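Structure, as structure tokens:
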Amino acid sequence: MANYMAVYHGTANGFLVAESDAEGVVGMGGVADGVIRRLHVSEKWRGHGIARALVMRLISRHCSVSSQPLTALVGGWNVPARRLFLSCGFQPTGPFSQHPKMSGCEILSFVGSCPPLRCV
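Sequential numbering from 144 applies to the sequence shown in the numbering used here.
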């Protein structure tokens with residue numbers, strides 16, 4: 144966890160978790176250096192709007208503390224994640240080819256309107 148704290152430390156960075164009373168952490172995601180990273184929802188909890196809630200909260204928080212562009216890297220095979228980001232105001236801006244392990248990934252950039260930051 145110390146590694147996560149170092150990566151997501153800073154005004155424009157942050158990390159969120161979604162929890163269930165019965166099961167603990169069921170989802171997570173963060174923003175570091177203007178990139179949404181580590182977005183994941185436990186398989187059992189997919190389809191309940193958790194990823195959308197995390198993405199919208201990350202967008203809202205990012206917009207409230209930074210004027211830096213916000214992007215996400217999505218694997219070409221991850222159709223549900225691509226669909227989610229597109230529906231949240233992201234648009235494809237090209238392939239990501241800076242790292243061999245990331246071949247087949249696409250850069251999506253947020254171009255939507257920033258939602259208001261609300262406590263949840």
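Where is the CB? At the ideal position from N, CA and C, for every residue including glycine.
Nothing here was measured: the structure is a model prediction, and the numbers come from that model.
Nearest-angstrom Cα separation, counted from residue j out to residue i
i      : j      : result
ASP164 : LEU182 : 20 Å
GLY190 : ASN221 : 15 Å
GLY232 : GLU166 : 31 Å
ILE202 : HIS152 : 17 Å
GLY237 : ALA161 : 30 Å
Residue i, enclosing alpha helix (DSSP H) - first and last residue
i      : result
PRO259 : Premise fails: PRO259 is in no alpha helix (DSSP H) and is neither H nor E.
PRO223 : 222-230
LEU197 : 193-208
Cβ shell of residue i (< 6 Å), same chain only, five flanking positions each side left out
i      : result
TRP188 : VAL169
LEU229 : none
HIS205 : VAL174, LEU213
SER209 : ALA155
Sequence-distant residues of the same chain with beta carbon closer than 7 Å to residue i, five excluded per side
i      : result
VAL184 : VAL169, GLY170, ILE193, ALA194
ALA175 : VAL150, TYR151, ASN156
GLN211 : ALA155, GLY177
PHE239 : LEU216, MET245, CYS248, GLU249, ILE250
GLN234 : LEU251, SER252, VAL254
Whole-number beta carbon distance between residue j and residue i, since they are thought to touch under 8 Å
i      : j      : result
PHE253 : LEU197 : Not quite, the Cβ-Cβ distance comes to about 14 Å (not below 8 Å), so this is no contact.
ILE179 : ALA215 : 4 Å
LEU159 : ARG200 : 6 Å
Endpoints, beta strand (DSSP E) assigned at residue i
i      : result
SER163 : 157-163
ARG180 : 178-184
8 Å Cβ shell around residue i - same chain, five flanking residues per side excluded
i      : result
LEU227 : ALA194, ARG195, VAL198
- Taking one C-beta from the stretch 166-177 and one from the stretch 186-200 each time, how about it: are there three or more such pairs within less than 8 Å? yes
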